[in-house]
Every structure is written in C-alpha cells, then in structure tokens.
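A quick write-up on the structure given underneath.
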Amino acid sequence: MTLMERMRVLSEGTKYDSCNQSAVCHAFGPDGRCIQLYKTLMTNACSGECTYCPNRCGRDSVRASLTPEEIVKITWSFYRRNAIEGLFLSSGVIGDAERTAEKQLEVASLLRKQGFTGYVHIRVMPGTPKYLLEEIADTANKFGVNAETTSSMNYSEICPNFDYKNDVLQRLQWTRDLINKKRREEGFRGRIIGANDTQFVVGALQEPDREIIGTVERFMDKYELRRPYFMSFDPVPSTPLENNEASPLWRETRLYQTSYLLKDYGLTARDLDGVLDDNGFLLDVDPKMLLASCSPDMFPVNINTASREDLLRVPGIGPVGANRILRSRPISSEKELARMGVVLTRARPFIEINGKRQTNLFSFAGVGA
1 MTLMERMRVL
11 SEGTKYDSCN
21 QSAVCHAFGP
31 DGRCIQLYKT
41 LMTNACSGEC
51 TYCPNRCGRD
61 SVRASLTPEE
71 IVKITWSFYR
81 RNAIEGLFLS
91 SGVIGDAERT
101 AEKQLEVASL
111 LRKQGFTGYV
121 HIRVMPGTPK
131 YLLEEIADTA
141 NKFGVNAETT
151 SSMNYSEICP
161 NFDYKNDVLQ
171 RLQWTRDLIN
181 KKRREEGFRG
191 RIIGANDTQF
201 VVGALQEPDR
211 EIIGTVERFM
221 DKYELRRPYF
231 MSFDPVPSTP
241 LENNEASPLW
251 RETRLYQTSY
261 LLKDYGLTAR
271 DLDGVLDDNG
281 FLLDVDPKML
291 LASCSPDMFP
301 VNINTASRED
311 LLRVPGIGPV
321 GANRILRSRP
331 ISSEKELARM
341 GVVLTRARPF
351 IEINGKRQTN
361 LFSFAGVGA
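The numbering of the sequence shown is full-length UniProt numbering, which starts it at 1 and goes up by one.
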C-alpha cells in the first residue's frame with residue numbers, strides 16, 4: 001500500500017480507542033482549551049486476542065504499519081500547516097507490551113529531538129514495564145492504559161492475553177504517580193501534563209451501568225481518574241462476539257453524563273442509583289433531569305440563598321454557572337441568570353427568584369406527579 005493508503009487504514013483503526021473515526025481527534029488542556037491531534041495506530045497488526053477487536057490476532061483483515069520515522073514526518077507535515085497541535089499515538093500489540101512501548105517511545109523521542117513542542121498523547125498497552133512508562137512520561141504530555149471493563153472476571157473474557165490487576169490496574173497506579181511527579185517538577189507553566197484517563201467498552205458483556213458507574217467512581221478516588229472514555233460495543237464479523245447485540249449509542253452518552261456528575265458535581269455512585277432501572281441500567285433520559293424530577297422535596301431552590309451543592313443539583317446550572325451565581329447574588333431576574341450561562345428552559349421548574357417560581361414543576365419536566 002502507498003503511504004496515504006496506510007495512513008487511512010491506521011487512522012480509521014483508532015475509532016476503537018478513545019476517539020471518533022477520523023484522522024483528527026481532540027484533547028483538552030488544564031485550562032480547558034481544545035487541542036487538535038493527528039491520531040493514528042503504529043500498526044493494526046496485533047498479537048492480542050481481544051474478543052471484540054477487529055485487529056485481533058488471526059482475524060482476516062487488511063493490515064498496515066507506519067515506521068516511527070514515517071509517523072514523525074507526517075506529524076511534522078500536519079503541524080507545520082497548522083492542521084494539528086500534536087499527536088495521539090496508539091497501536092496494536094507488536095509482539096508484547098514492552099516492544100510496543102519501545103516503538104511508541106521512539107516516535108516521541110524523535111519528535112522531541114527535532115524540536116517538536118506540540119502535544120503528544122500515547123496510549124500504552126496493558127503490561128507496559130514501569131521503566132518505559134517513566135521514559136514516556138519524560139517525552140509525552142499524556143499517556144495511559146485502557147481498562148476496557150470493570151473486573152478481572154470480565155477482563156479475562158474479553159482480553160485473555162492480559163491480567164486485569166497486574167497489567168491494567170497497576171499501570172493506572174503508576175500513571176497516577178508519574179503524572180503527579182511531573183506536575184510537581186514542571187507545573188502548568190511548563191509542559192502541559194495531562195490527567196489520568198482510561199476507556200471502557202460498553203456492552204460487550206452486558207455488564208450493568210451500575211457496575212460501570214461504581215468502577216468509574218473507584219478509579220476517580222484511587223487513580224485520580226479525570227476523564228473516562230466510553231466506547232459502545234459494536235459486533236465485528238469474524239470475532240468471538242460477532243453475534244452479540246450492539247450497545248445503543250445513547251447508553252454511551254448517558255454514561256458520559258453520569259461521569260460528569262461524579263467528577264464535577266460532587267455526586268456519588270450511590271446518589272445515581274435513582275436514575276437506574278431495576279436491573280441497574282440507565283434510561284435514555286438526562287440523568288440530572290431525572291434525579292431532579294424524582295426529588296420534589298429538594299425543589300424549588302432559592303437562587304439567592306441556596307448552597308453551591310444545591311445549585312448544582314438544578315438542571316441547567318453547571319459548576320461555572322453556580323460559581324457565577326454565588327459571586328453575583330442577590331439576583332432579581334431570569335435575564336441575569338441567562339447572562340451567567342444558566343439554561344433557563346431546564347432550570348426554571350426547579351428554582352425560585354424573589355418568591356416566584358413555575359407552578360407546575362412536573363408537567364414541565366415531562367414526569368407524572
């Protein structure tokens with residue numbers, strides 16, 4: 001294949017790793033700025049046998065690879081045209097995790113030696129040795145390993161070549177420690193140091209959302225996970241899970257929303273039990289709206305006296321809006337709230353301003369009394 005054909009194959013292959021299907025993905029800096037990245041696999045040839053993956057060993061598919069020098073050249077080409085601000089690099093397993101990490105490190109090291117100051121995000125393989133993670137931490141802005149699922153038992157079913165506790169959880173802990181070390185050394189005025197993240201394949205084994213939400217909460221507490229990614233399972237022909245049902249995309253969306261409630265709104269996994277059905281699965285309803293609609297005793301909240309915690313429970317008020325409200329009180333009108341970024345169509349049934357509120361809370365929310 002030509003270089004362009006290989007680039008296309010490998011860029012498309014990254015849709016199974018934390019990003020949508022295109023040659024470009026996005027990361028976010030500590031200040032919230034969006035960073036556009038060229039994303040690619042080094043190779044889609046893989047020695048792993050993950051049961052959901054189109055690149056699994058032995059599957060009949062088009063295989064392609066790029067050398068470290070080719071990836072460096074392509075990255076520079078995009079970067080000099082201002083098409084990207086950095087590189088997102090993943091790979092199939094090249095023999096084993098150590099060999100794969102060595103090749104990924106070679107790419108990052110070549111870029112830095114040539115004066116590249118852009119953002120480099122490396123998705124490492126389960127089982128990557130600690131010494132290579134330490135070297136990667138010296139060159140990359142962000143790096144980490146995908147958990148894929150919630151437990152050792154589930155992991156052994158979908159990723160039989162690796163051990164969940166040692167190859168994944170241990171790496172998440174090492175990544176956390178290295179990120180904290182680099183931040184102490186360099187801070188945010190120097191090189192950007194991205195937060196710990198990981199990815200879950202949603203629906204491959206029909207694990208309930210309660211289990212995923214609980215795992216995300218544990219990872220946030222133990223590994224300082226900043227952002228979980230969710231990939232809806234889609235059965236791939238000629239894989240062991242080809243006859244399993246696809247997971248609906250809305251489930252992925254609702255899991256992202258619950259993760260924001262855990263990360264930014266101070267809720268716990270137990271708080272979110274109220275948005276799950278009897279089998280522990282989310283409904284296709286905004287979980288924050290559902291929580292509010294099912295808690296009539298909490299509302300309406302008085303905009304001018306409510307605590308930050310109570311303001312964050314109001315649909316349409318996020319962390320930024322809540323902070324603005326606290327700084328700007330007293331507030332006398334909805335227009336003031338709108339200028340602060342409050343989504344009034346969502347918030348109106350749940351708030352009170354100067355004794356005034358919408359009278360029919362539950363008809364507005366679309367929920368029966």
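C-beta: ideal position from N, C-alpha, C; glycine also.
Can you check DSSP and say which residues form a bridge with residue i?
| i | result |
| --- | --- |
| F230 | F200 |
| L41 | S90 |
| V301 | I351 |
| L205 | Answer is none; L205 lacks a bridge partner. |
| K182 | None; K182 has no bridge partner. |
| L276 | L282 |
| V120 | L87 |
| F143 | I122 |
| S65 | T43 |
| K356 | I353 |
| E98 | In DSSP, E98 forms no bridge with anything. |
| L291 | In the DSSP output, where bridge partners are listed per residue, L291 has none listed. |
Closest by CA to residue i, which one among the options?
| i | options | result |
| --- | --- | --- |
| E69 | N354, A45, N244 and Q114 | Q114 |
| L110 | P126, C57, R80 and I71 | I71 |
| V93 | S295, T128 and F281 | T128 |
| P330 | L178, R191, N354 and S77 | N354 |
| E185 | D138, E12 and E207 | D138 |
| N166 | D209, A269, A97 and L87 | A97 |
| R171 | A147, R183 and K182 | A147 |
| S295 | E12, D278, L272 and K182 | L272 |
| R348 | P315, D277 and P208 | P315 |
| M7 | K39, A338 and Q206 | K39 |
| T305 | D297, V285, G321 and L326 | L326 |
| L132 | R99, P248 and T150 | R99 |
| L241 | R254, L344, R308 and Q206 | Q206 |
| F143 | Q199, T149 and N154 | Q199 |
| V107 | L41, K222 and T149 | L41 |
| S247 | T149, W76, A204 and V120 | A204 |
Give the straight-line distance between the Cα atoms of residue i and residue j, rounded to the nearest whole angstrom.
| i | j | result |
| --- | --- | --- |
| R218 | Y265 | 16 Å |
| C19 | A292 | Residue placement at C19 cannot be trusted, given a pLDDT of 41 that sits under 50; what the coordinates show is reported in the next sentence. Rounded to the nearest angstrom, the two C-alpha atoms are 31 Å apart. |
| L283 | F299 | 22 Å |
| G318 | V216 | 20 Å |
| I158 | N243 | 14 Å |
| D163 | S156 | 7 Å |
| E85 | N141 | 12 Å |
| V367 | G341 | For V367, the predicted model reports a pLDDT of 43, less than 50, meaning its position is unreliable and no value from the coordinates is stated. |
| S90 | N55 | 13 Å |
| P237 | C46 | 17 Å |
| E245 | I303 | 45 Å |
| I122 | S333 | 48 Å |
| R346 | P287 | 13 Å |
| I179 | L169 | 15 Å |
| N161 | R251 | 28 Å |
| F233 | K356 | 47 Å |
| R112 | S152 | 37 Å |
| N323 | L312 | 10 Å |
| T117 | I351 | 47 Å |
| T2 | L37 | 22 Å |
| residue 393 | E102 | Residue 393 lies beyond the stretch modelled for the chain, which goes from 1 to 369, so this question has no answer here. |
| N82 | F88 | 16 Å |
| R60 | G194 | According to the sequence displayed, residue 60 carries Asp and not Arg. The alpha-carbon atoms of D60 and G194 are separated by roughly 36 Å. |
| V275 | V285 | 9 Å |
| E309 | W174 | 33 Å |
| E12 | S328 | 47 Å |
| R191 | D297 | 48 Å |
| T239 | K182 | 40 Å |
| D221 | N154 | 21 Å |
| T75 | P126 | 25 Å |
Tell me which residues share the same chain as residue i and place their Cβ nearer than 6 Å to its Cβ, disregarding the 5 neighbours each side in the sequence.
| i | result |
| --- | --- |
| E224 | R176 and N196 |
| E135 | L105 |
| Q227 | For clarity, residue 227 is Arg in the given sequence; the question names Gln instead. Here the set comprises D197. |
| S22 | In this prediction, S22 scores a pLDDT of 45, lower than 50, which makes its location untrustworthy; the coordinate-derived value is nonetheless stated afterwards. Excluding residues within five positions, none has a Cβ falling inside 6 Å. |
| N49 | According to the sequence as given, residue 49 is Glu; it is not Asn. Counting only Cβ-Cβ distances below 6 Å, and skipping sequence neighbours, we find R56, C57, P160 and N161. |
Return the Cβ separation of residue i and residue j in integer angstroms, given the expectation that the two are a contact with Cβ distance under 8 Å.
| i | j | result |
| --- | --- | --- |
| Y256 | F230 | 6 Å |
| E211 | G280 | 7 Å |
| V201 | Y79 | Not confirmed; about 31 Å, so no contact. |
| T149 | I213 | Contact doesn't hold; Cβ gap of about 13 Å is too wide. |
| V145 | V124 | 5 Å |
Mind checking whether the beta-carbon of residue i lies closer than 7 Å to any heavy atom of the ligand GTP?
| i | result |
| --- | --- |
| A83 | In the structure shown, the ligand GTP is absent, as is every other ligand, since no ligand is present at all. |
Only counting the same chain, and skipping five residues up and downstream in sequence, which positions put a Cβ closer than 8 Å to that of residue i?
| i | result |
| --- | --- |
| E5 | A64 |
| T268 | E217 and L262 |
| T43 | L10, R63, A64, S65, L66, S91, G92 and I94 |
Within its chain, find whatever has a CB closer than 7 Å to the CB of residue i; leave out the 5 residues flanking it on each side and keep chain order.
| i | result |
| --- | --- |
| S363 | Any reading at S363 needs caution, since the residue's pLDDT is 38, under 50, leaving its predicted position unreliable; the model's value is listed next. Nothing listed; no residue qualifies. |
| G321 | M340, G341 and V342 |
| G95 | S47 |
| V208 | Here the sequence assigns Pro to residue 208, which means Val is not the residue at that position. Counting only Cβ-Cβ distances below 7 Å, and skipping sequence neighbours, we find N279, G280 and F281. |
| D277 | L283 |
| L344 | G316, E334, L337 and A338 |
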